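In this text, residue positions in the sequence shown follow the UniProt record's numbering: the first is 1, and each later residue adds one.
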Amino acid sequence: MPGPPAEIRDYEPADEPSWLRCRVLGFLATNYYDDVWQAKRRTDLELVALDDDVVGVLDVSVTGAEATIDTVVVHPGHQGRGIATALLEEALRRLDRCGVTTLGAWAREDKAALEWYARNGFEEVSRYLHVHASPDEADTAIIAKHGLVAAGAFLHARIEREAEMRQRFERVYVCRRMVRSL
1 MPGPPAEIRD
11 YEPADEPSWL
21 RCRVLGFLAT
31 NYYDDVWQAK
41 RRTDLELVAL
51 DDDVVGVLDV
61 SVTGAEATID
71 TVVVHPGHQG
81 RGIATALLEE
91 ALRRLDRCGV
101 TTLGAWARED
111 KAALEWYARN
121 GFEEVSRYLH
131 VHASPDEADT
141 AIIAKHGLVA
151 AGAFLHARIE
161 REAEMRQRFE
171 RVYVCRRMVR
181 SL
């Protein structure tokens with residue numbers, strides 16, 4: 001397979017359409033398949049990998065000495081080329097120069113993503129549950145007021161309640177906080 005793309009650079013506003021396509025298509029086969037955006041959200045560090053269009057994305061928010069990966073994704077047609085790792089290496093160079101000492105991320109039960117984080121020096125430090133209640137399940141989880149009817153819900157739960165949540169709801173994911181020291 002060919003190596004990483006020739007160009008990794010800062011995101012530019014003109015990249016937005018192909019950035020959005022890359023993000024949607026890259027997340028489609030993951031547990032984040034429904035995390036669809038219609039516009040790019042701004043972060044402190046925004047990198048893209050190009051091969052004509054955007055084929056890789058890495059966005060990072062920075063708060064003092066701590067940073068968090070908001071989005072890391074590679075277009076499905078370009079996965080396995082080392083693009084995510086090349087983006088991470090560039091981000092680490094820049095974050096180190098800014099005095100960042102810790103880089104974190106959140107990941108669900110996506111085996112490939114968890115393996116990538118582990119290969120790149122991240123360790124799990126905490127976890128909790130993402131619970132998606134369908135319209136049929138929502139009434140068992142929340143009480144709607146003011147004449148509203150729950151048409152579904154996205155909820156958080158303590159990891160200790162995993163067995164119970166998996167019995168009650170179809171879509172339950174373990175969400176892990178992954179951290180790497182710089």
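Ideal Cβ positions, reconstructed from N, Cα and C, are used throughout, including at glycine. Every value quoted in this text rests on a predicted model; they were computed, and no experiment measured them.
With fewer than 16 other CB atoms across the displayed protein chains lying within 10 angstroms of its CB, C98 is exposed.
By alpha-carbon distance to S126, the top candidate from R177, L50 and T63 is R177. Cβ contact annotation for R171 (same chain, cutoff 6 Å, sequence separation greater than five): H132, in chain order.
Inclusion of L114 and R161 in the CB contact set at 8 Å is not warranted, their separation being larger than that value. For I159, no beta strand (DSSP E) segment is defined, and its DSSP state is neither H nor E. Distance from the Cα of A65 is smallest, within the candidate group K111, A105, Y32 and L95, for L95. R158 sits exposed, since fewer than 16 C-beta atoms from the chains shown fall within 10 Å of its C-beta.
V57 has its alpha-carbon roughly 12 Å from the corresponding atom of Q79. Per DSSP, reduced to three states, the secondary structure at V72 is strand. If one requires a minimum length of 3 residues, the beta strand (DSSP E) runs lying completely within the UniProt domain "N-acetyltransferase" (6-149) are 7-10, 45-51, 53-63, 66-74, 102-107 and 123-133, in chain order. Cβ-Cβ distances below 7 Å link D44 to V60, S61 and V62 in the same chain, with the five nearest sequence neighbours on each side left out; the list follows chain order. Residue pairing by DSSP places R168 in no beta bridge whatsoever.
Contact annotation, L47 with I83: C-beta distance approximately 11 Å; criterion of less than 8 Å not satisfied. Cβ-Cβ distances below 7 Å link Y33 to F27 in the same chain, with the five nearest sequence neighbours on each side left out; the list follows chain order. One alpha carbon belongs to S181, the other to E124, and they sit about 12 Å apart.
K111 and V174 have their C-alpha atoms spaced approximately 12 Å apart.
In this structure, K40 lies near L20, with their beta-carbon atoms less than 8 Å apart.
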